[in-house]
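A.B. asks: For reference, the structure I am asking about is given below.
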């Protein structure tokens, strides 16, 4: 079975965003903005969700202090990410539903919030 994914600037990322579909494009733009502010952010984009690219996700998040899923749902991806990272890294959720599309600026604000917080809890959600 073929597993596909994309890594974007994850080599030194302290915060890795995970998103697929339209939200991945928004997350990628937020990573670029975060990098201009000196924040080491990256993006992991699973292209195939089943089978899930577990090993690739773990490699992309090996230096991460936080992982943030960016979704246009109530959290379809967040639990898969937590499970596949074996609960070793705090995984946070940022999502919009009901046809509301997250903005690049809103995702950037969420990145900044987690980088500045220093929190290690993995149960924060934003809908």
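Numbering (the numbering used here), first residue to last: 2 to 128. Glycine included, every Cβ here is placed at the ideal spot set by N, Cα and C.
Where residue 34 and residue 107 are concerned, what is the direct C-alpha to C-alpha distance, given to the nearest angstrom?
C.D. replies: Rounded to the nearest angstrom, the two C-alpha atoms are 11 angstroms apart.
A.B. asks: Which value, in whole angstroms, describes the spacing of the CA atoms of residue 4 and residue 37?
C.D. replies: Spanning the two alpha carbons is a distance of roughly 31 angstroms.
A.B. asks: Between which two residues does the beta strand (DSSP E) harbouring residue 46 extend?
C.D. replies: Residues 42-47.
A.B. asks: Distance, Cα to Cα, residue 43 vs residue 59?
C.D. replies: About 13 angstroms.
A.B. asks: For the ligand FAD, is there any heavy atom lying closer than 7 angstroms to the beta carbon of residue 7?
C.D. replies: The ligand FAD is absent from the structure shown, which contains no ligand whatsoever.
A.B. asks: Just to confirm, is the Cβ distance from residue 21 to residue 78 under 8 angstroms?
C.D. replies: In contact: residue 21 and residue 78 (Cβ atoms closer than 8 angstroms).
A.B. asks: Kindly indicate which three-state DSSP category residue 1 falls into: helix, strand or coil?
C.D. replies: Coverage of the chain is limited to positions 2 through 128, which leaves residue 1 absent and any answer about it impossible.
A.B. asks: Does the Cβ-Cβ distance between residue 71 and residue 45 come in under 8 angstroms?
C.D. replies: In this structure, residue 45 does not lie closer than 8 angstroms to residue 71 by Cβ.
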